[in-house]
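Under our numbering, residues 125 to 389 are what the sequence shown spells out, in order. A short write-up of the structure that comes next.
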Amino acid sequence: MARRDEIECWLTDMDGVLVHENEPLPGAAELLEQWRTEGNPYLVLTNNSIFTPRDLSARLRASGLIVPEEAIWTSALATAAFLKSQSPGGSAFVIGEAGLTTALHEAGFIMTETSPDYVVVGETRNYSFEAITKAIRLIVGGARFIATNPDATGPSADGPMPATGAIAALITKATGMEPYIVGKPNPMMFRSAMNKIGAHSENTAMIGDRMDTDIVAGIEAGLHTILVLTGISDDAEIARYPFRPDEILSGVHELVYAEPRETAL
Numbered sequence: 125m126a127r128r129d130e131i132e133c134w135l136t137d138m139d140g141v142l143v144h145e146n147e148p149l150p151g152a153a154e155l156l157e158q159w160r161t162e163g164n165p166y167l168v169l170t171n172n173s174i175f176t177p178r179d180l181s182a183r184l185r186a187s188g189l190i191v192p193e194e195a196i197w198t199s200a201l202a203t204a205a206f207l208k209s210q211s212p213g214g215s216a217f218v219i220g221e222a223g224l225t226t227a228l229h230e231a232g233f234i235m236t237e238t239s240p241d242y243v244v245v246g247e248t249r250n251y252s253f254e255a256i257t258k259a260i261r262l263i264v265g266g267a268r269f270i271a272t273n274p275d276a277t278g279p280s281a282d283g284p285m286p287a288t289g290a291i292a293a294l295i296t297k298a299t300g301m302e303p304y305i306v307g308k309p310n311p312m313m314f315r316s317a318m319n320k321i322g323a324h325s326e327n328t329a330m331i332g333d334r335m336d337t338d339i340v341a342g343i344e345a346g347l348h349t350i351l352v353l354t355g356i357s358d359d360a361e362i363a364r365y366p367f368r369p370d371e372i373l374s375g376v377h378e379l380v381y382a383e384p385r386e387t388a389l
C-alpha cells in the first residue's frame, strides 16, 4: 500500500469532504489549487446521478471551489461507461434526470420503452408510479436491471428523502430481481475513474467521509484510503466496521502544505 508521499493521483468524494450544504469546507479550495499547480491528476466523485458534470462544476464554483467539469466523475458517468463496455450501442429505459440520460446518450445508448436491453434507475426528484410500473414490467419481460448507486435516502432541507436504493428496493420486491449497482461502494466506480485519468492503484489515494462507501470501496480497489471527519463519520461510526482507512484526518485542510514539497528525483 502506498504511503502518502508516494501518492500522485487523487480521488475525492464531494459532499462532506469538499463541501457541506454548498459551503466549502476548510482547506478544500487550497487543496484543489495545490493539485492543479503540482499537476496531480484528480477526480471529484459523487454517487449523485441527478446532475451533469457541467451542473456540478457550476454549483461548486458558486461555493468558491474551482473544479473543471472534466474533473468530475458521477455514478451516472460510471454507469454509462460500464454499459457501453457491456453492450455498445445498446438500449435502456431510464428512471432518472439529466445527469443520467445525458451520460447514456453520450455513451451511444438509445432511450426506449420498447424491449430495452436495460432498465437503469438513478436519482430523481420526481419518481413516477407509472415509470416504476413500466420498469417492473420491462424487467419481468427480460430487461437487465441496473442502479446507479445504492443510497437509500438523500438529504433535503426538510429531512431525508427516498433515493435510488429505496426505489430499486421497491422494484426488486416486485420483480424478485436485484439490480447491479455501479456506484460506490462498488470499486468499479473507482476503477473507471482511474481509467479516465490514467491512474494506477499503487499511487492513487481516495478521500472520503463514509466508511461504508468511500473507504470500503477504496480498500477493495487497492487505494490509499483517507477518512475525513467533516462528514458523517466519527469515532463511534469508525469502530463499527472491521476494516480501517490508512489515515483518519480532521479534514482536507490537513492535506494542504504551506510550501510546495520538493519533487523526489
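Quick reminder that beta carbons are idealized off the backbone N, C-alpha and C, glycines included. Given the structure is predicted, the values throughout are model-derived calculations rather than measurements.
- For residue 271, same chain residues with a beta-carbon under 6 angstroms away, outside a window of 5 residues either side, are 245, 288, 292, 303 and 305 in chain order.
- Restricted to the region 269-326, the alpha helix (DSSP H) segments that are unbroken, complete and at least 4 residues in length are 288-299 and 312-321, listed in chain order.
- Nearest neighbour of residue 213 by Cα position, chosen from 233, 205, 360 and 149, turns out to be 233.
- Counting along the chain, the unbroken beta strand (DSSP E) around residue 217 starts and ends at 215-219.
- DSSP assignment within the region 133-165 yields the following whole alpha helix (DSSP H) runs of 4 residues or more, N-terminal first: 152-162.
- At a Cβ-Cβ threshold of 8 angstroms, residue 379 and residue 155 count as neighbours.
- In this structure, residue 273 lies away from residue 130, with their beta-carbon atoms at least 8 angstroms apart.
- Under the Cβ criterion (8 angstroms, minimum of three pairs), the region 159-167 does not count as touching the region 138-151.
- Going by beta carbons, residue 344 and residue 311 fall inside the 8 angstroms limit.
- Straight across, the Cα-Cα distance linking residue 351 with residue 339 is about 7 angstroms.
- Contact between the region 307-325 and the region 351-362 is absent: fewer than 3 CB-CB pairs across the two stretches fall below 8 angstroms.
- Per the coordinates, the alpha-carbon of residue 330 lies some 34 angstroms from the alpha-carbon of residue 259.
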